[in-house]
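Engineer: Pasting a structure here, questions to come.
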Amino acid sequence: MPASLKPRRAKKKSPAERLLAWWDIHRRDLPWRAARGEAADPYAVWLSEILLQQTTVAAATPYFHRFMARWPRVTDLAAAPIEEIMQAFAGLGYYSRARNLHACAREIVRRGGVFPQDEASLRKLPGIGAYTSAAIAAIAFNAKASPVDGNIARIIARLRALPRPIAEAKSEITAIAAGLTPADRLGDFAQAMMDLGATICTPRSPNCGACPLQADCAAFAGGEPEAFPRKAVKAARPLRKGVAFFLRDADNRILMRTRPPKGLLGGTVELPGSAWSTDFDLAGAVVHAPCRAEWRLLPGAVEQVFTHFALQLAIYSGRTRDSAAEGGCYWVAEADLGKLALSGVMAKAVAHALRHEKNEPGSSLPTIAGEGRANTRRHAPSAKTRSA
Ligand code: SF4
Numbered sequence: 000m001p002a003s004l005k006p007r008r009a010k011k012k013s014p015a016e017r018l019l020a021w022w023d024i025h026r027r028d029l030p031w032r033a034a035r036g037e038a039a040d041p042y043a044v045w046l047s048e049i050l051l052q053q054t055t056v057a058a059a060t061p062y063f064h065r066f067m068a069r070w071p072r073v074t075d076l077a078a079a080p081i082e083e084i085m086q087a088f089a090g091l092g093y094y095s096r097a098r099n100l101h102a103c104a105r106e107i108v109r110r111g112g113v114f115p116q117d118e119a120s121l122r123k124l125p126g127i128g129a130y131t132s133a134a135i136a137a138i139a140f141n142a143k144a145s146p147v148d149g150n151i152a153r154i155i156a157r158l159r160a161l162p163r164p165i166a167e168a169k170s171e172i173t174a175i176a177a178g179l180t181p182a183d184r185l186g187d188f189a190q191a192m193m194d195l196g197a198t199i200c201t202p203r204s205p206n207c208g209a210c211p212l213q214a215d216c217a218a219f220a221g222g223e224p225e226a227f228p229r230k231a232v233k234a235a236r237p238l239r240k241g242v243a244f245f246l247r248d249a250d251n252r253i254l255m256r257t258r259p260p261k262g263l264l265g266g267t268v269e270l271p272g273s274a275w276s277t278d279f280d281l282a283g284a285v286v287h288a289p290c291r292a293e294w295r296l297l298p299g300a301v302e303q304v305f306t307h308f309a310l311q312l313a314i315y316s317g318r319t320r321d322s323a324a325e326g327g328c329y330w331v332a333e334a335d336l337g338k339l340a341l342s343g344v345m346a347k348a349v350a351h352a353l354r355h356e357k358n359e360p361g362s363s364l365p366t367i368a369g370e371g372r373a374n375t376r377r378h379a380p381s382a383k384t385r386s387a
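Written out as structure tokens, the structure reads:
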């Protein structure tokens, strides 16, 4: 038979082609994404990637809408006071990200308001690490880059049935991701991988029946997709304890202070209290009180899990007629609490105290004088009395 009459075999599609074909139908509509056929807005892409660090799409979305409504361009964000950005960021955790967001916006404005387009240049900007620079380069500029976040690492660990946990196979995963990345539609491919991880190849119960990469997947072929990625042996999380003091003055204001700009929860607003440690002793806790008052230990404790430790915080409540504020503290009207950059744990601590006041209204009556010593910790340079 002449060669021209032989039946032509259809060219086998690559995993990237099959993934992109799936994505063209099933892509998620996200507020920071460009509509089909439209160019991405680098500011929206950058902002969304920063807000999404360490959190979910559902948690980051309202923040994204608020930021875009208030600061629609990078120049607006750069011109905003850092306090306003911190306050708008409150509840997302990792407050160094808010400071870096501001610093990065200023740097972009200094460069004429234009984001660099390649991964290496993006990575030099404040708050932009390996994943974020690759994601922005690919999504905003269709540049050659292969972002690998937790979702994408999980997909790759399953595709190759990697025997080692993700943390031990990072460079291998990065190389595999680069090998899967096509020559064009780079931004679409990155977003398709993200969407596959979020909707199909989920941590538990991956929907392999609907997966465009099923034919390439070693974990599926082995019959145990959930067994990947292999789990790392977790170190036990130490329990730290501490105390915070909820103090009202004669005008019903609440005493607060601001943490130093660097370090854990840097720059956030908190109730005055002790440092947090594994050997904290509640018996002598009032030594950390911001002033003398008749302190009352509230039932229960506030709990929070951080990356490297768990925290249990006892809360004392008290009242004073003395409106002097020392140790970097300041008074805040209760109605203004929502305007503060309270960390998640401090929002819980304030809510805990307010709940007890509401349930036990008698306890909020003045109880002046009693035990407690002035706290000598200084968290902020200003000792001014102020209202937020
Ligand atoms: S086949 Fe299943 S385990 Fe493999 S990539 Fe697809 S969803 Fe994930």
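In terms of numbering that gives the first Met the number 0, the sequence shown is residues 0 to 387. Glycine is no exception: its CB is placed at the ideal position from the N, C-alpha and C atoms.
1) Taking only three categories from DSSP, how would you classify residue 143?
2) Leaving out the 5 sequence neighbours to the left and right, which residues in its chain are closer than 7 Å to residue 264 when beta-carbon positions are compared?
3) Quick test of your reading: residue 297 and residue 351, contact by CB under 8 Å. State the CB separation rounded to the nearest angstrom.
4) Under 8 Å between the Cβ atoms of residue 270 and residue 319?
5) Could you tell me which whole beta strand (DSSP E) segments of length 3 or greater appear in the segment 304-349?
6) What residue does the alpha helix (DSSP H) around residue 198 start on, and which one ends it?
7) Kindly confirm or deny that the segment 17-27 and the segment 86-103 touch, where touching means at least three C-beta pairs closer than 8 Å.
8) Which residues in the same chain as residue 366 place their Cβ atom closer than 8 Å to its Cβ, once the five residues preceding and following it in sequence are excluded?
9) Going by DSSP, which residues form a beta bridge with residue 247?
10) Does the separation of the CB atoms of residue 241 and residue 312 fall below 8 Å?
11) Output the boundary residues of the alpha helix (DSSP H) element that contains residue 148.
12) Please state the DSSP three-state secondary structure of residue 113.
13) Cβ-heavy atom distance between residue 206 and ligand 1 below 7 Å?
14) Look at the Cβ atom of residue 144, then the Cβ atom of residue 137, and state whether they are nearer than 8 Å.
15) Answer yes if the segment 37-51 comes into contact with the segment 63-80, meaning at least three C-beta pairs across the two stretches below 8 Å, and no otherwise.
16) Measuring CB atoms only, is the segment 169-182 touching the segment 146-160, in the sense that at least three cross pairs come out at less than 8 Å?
17) Run the CB neighbour count on residue 339, radius 10 Å, all protein chains shown included, and call it buried at 16 or more, exposed below.
18) Go ahead and label residue 131 buried or exposed: buried means 16 or more other beta carbons lie within 10 angstroms of its beta carbon, across all protein chains shown.
19) What's the C-alpha gap between residue 337 and residue 88?
20) Which value, in whole angstroms, describes the spacing of the CA atoms of residue 158 and residue 133?
21) Could you give the DSSP three-state label for residue 238: helix, strand or coil?
22) For residue 268, name the three-state secondary structure that DSSP assigns.
23) Pick helix, strand or coil for residue 51, following the three-state DSSP scheme.
24) If you draw a straight line from the alpha carbon of residue 226 to that of residue 165, how long is it in whole angstroms?
25) Might you give, ordered along the chain, the residues of its own chain that have their beta carbon closer than 8 Å to the beta carbon of residue 173, omitting 5 neighbours on each side?
26) When you compare each of 216, 334, 185 to residue 39 by their alpha carbons, which one comes out closest?
27) Given the structure, does residue 216 come close to ligand 1, in the sense that its CB is under 7 Å from one of the ligand's heavy atoms?
28) Let me check understanding here. Comparing Cα to Cα, which of 183, 90, 101 lies closest to residue 80?
29) Taking residue 165 as part of the alpha helix (DSSP H), name the residues at either end of that continuous run.
30) Tell me, to the nearest whole angstrom, how far the beta carbon of residue 15 is from that of residue 188; I am working on the premise that it is less than 8 Å.
31) Of all the options 115, 276, 256, 307, which has the alpha carbon lying nearest to the alpha carbon of residue 267?
32) Sorted by chain position, which residues of the same chain lie with C-beta nearer than 7 Å to residue 364's C-beta, five sequence neighbours on each side aside?
33) Determine the contact status of residue 41 and residue 139, defining contact as a CB-CB distance below 8 Å.
34) Any chance the CB of residue 157 is under 7 Å from a heavy atom of ligand 3?
35) In three-state DSSP terms, what is residue 225?
Structural biologist: Taking the geometry as given:
1) Numbered from its first residue, the sequence shown carries residue 143 at position 144. DSSP places residue 143 in coil when its eight states are reduced to three.
2) The count along the sequence shown starts at 1 and reaches residue 264 at position 265. Closer than 7 Å at the Cβ level, and outside the excluded window around residue 264, lie 94, 258, 342.
3) Here the question's residue 297 lines up with position 298 in the sequence shown. Here the question's residue 351 lines up with position 352 in the sequence shown. Contact flag correct, Cβ pair sits at about 7 Å.
4) Your numbering for residue 270 matches position 271 in the sequence shown. Your numbering for residue 319 matches position 320 in the sequence shown. Not a contact, by the Cβ cut-off of 8 Å.
5) Qualifying beta strand (DSSP E) stretches, in chain order: 309-318, 328-331.
6) Working through the sequence shown from its first residue, we reach residue 198 at position 199. Note, residue 198: alpha helix (DSSP H), 185-198.
7) Output reads no: the segment 86-103 does not touch the segment 17-27.
8) Your numbering for residue 366 matches position 367 in the sequence shown. At residue 366 the pLDDT is 39, less than 50, meaning the model places this residue with poor confidence; the figure from the coordinates comes in the next sentence. Correct list, in chain order: 292, 293, 295, 317, 318.
9) Within the sequence shown, residue 247 is the residue found at index 248, counting from 1. DSSP output for residue 247 lists 253, 318 as bridge partner(s).
10) Here residue 241 refers to the residue found at position 242 of the sequence shown. Here residue 312 refers to the residue found at position 313 of the sequence shown. Cβ distance < 8 Å, so residue 241 and residue 312 count as in contact.
11) Stepping through the sequence shown from its first residue, residue 148 is reached at position 149. Counting along the chain, residue 148 falls outside any alpha helix (DSSP H), and DSSP gives it neither H nor E.
12) Counting from 1 along the sequence shown, the entry for residue 113 is found at position 114. Reduced to three states, the DSSP call for residue 113 is coil.
13) Walking along the sequence shown from the start, residue 206 turns up at place 207. True, at least one ligand heavy atom lies under 7 Å from that Cβ.
14) As a working note, residue 144 is residue 145 in the sequence shown. As a working note, residue 137 is residue 138 in the sequence shown. Yes, the Cβ-Cβ distance between residue 144 and residue 137 is below 8 Å.
15) yes
16) yes
17) Along the sequence shown, one-based indexing puts residue 339 at 340. With 16 or more other Cβ atoms within 10 Å, it is buried.
18) The residue you call residue 131 lines up with position 132 of the sequence shown. With 16 or more other Cβ atoms within 10 Å, it is buried.
19) For the purposes of this step, residue 337 is identified with residue 338 of the sequence shown, where counting begins at 1. For the purposes of this step, residue 88 is identified with residue 89 of the sequence shown, where counting begins at 1. Looking at the two C-alpha atoms, the distance is approximately 12 Å.
20) Position 159 of the sequence shown, counted from the first residue, corresponds to residue 158. Position 134 of the sequence shown, counted from the first residue, corresponds to residue 133. Those two C-alpha atoms are separated by around 21 Å.
21) The residue given as residue 238 occupies position 239 in the sequence shown. DSSP places residue 238 in strand when its eight states are reduced to three.
22) Position 269 of the sequence shown holds residue 268. Residue state, collapsed to three classes: strand.
23) Walking along the sequence shown from the start, residue 51 turns up at place 52. DSSP places residue 51 in helix when its eight states are reduced to three.
24) Numbered from its first residue, the sequence shown carries residue 226 at position 227. Numbered from its first residue, the sequence shown carries residue 165 at position 166. If I take the Cα positions, the gap works out to 13 Å.
25) Residue 173 sits at position 174 when you count from the first residue of the sequence shown. Excluding sequence neighbours, residue 173 sits near 145, 147.
26) Counting from 1 along the sequence shown, the entry for residue 39 is found at position 40. Looking at the Cα atoms, 185 is the closest of the given residues.
27) Locating residue 216 in the sequence shown gives position 217, counting from the first residue. Result yes, Cβ under 7 Å from ligand 1.
28) In the sequence shown, counting from the first residue as 1, residue 80 sits at position 81. Of 183, 90, 101, the residue nearest in Cα terms is 101.
29) Position 166 of the sequence shown, counted from the first residue, corresponds to residue 165. That residue, residue 165, is in no alpha helix (DSSP H); it is neither H nor E in DSSP.
30) Mapped onto the sequence shown, residue 15 falls at position 16. Mapped onto the sequence shown, residue 188 falls at position 189. Between residue 188 and residue 15 the Cβ distance is about 6 Å, and since that is below 8 Å, they are a contact.
31) Locating residue 267 in the sequence shown gives position 268, counting from the first residue. Out of 115, 276, 256, 307, 256 has the C-alpha closest to the C-alpha of residue 267.
32) Counting from 1 along the sequence shown, the entry for residue 364 is found at position 365. For residue 364, the predicted structure reports a pLDDT of 37, less than 50, and the residue's modelled location is therefore unreliable. The matter cannot be settled from this model.
33) Here residue 41 refers to the residue found at position 42 of the sequence shown. Here residue 139 refers to the residue found at position 140 of the sequence shown. Yes, the Cβ-Cβ distance between residue 41 and residue 139 is below 8 Å.
34) Only ligand 1 can be found as ligands here, which leaves ligand 3 out of the picture.
35) Numbered from its first residue, the sequence shown carries residue 225 at position 226. If DSSP states are grouped into helix, strand and coil, residue 225 belongs with the helices.
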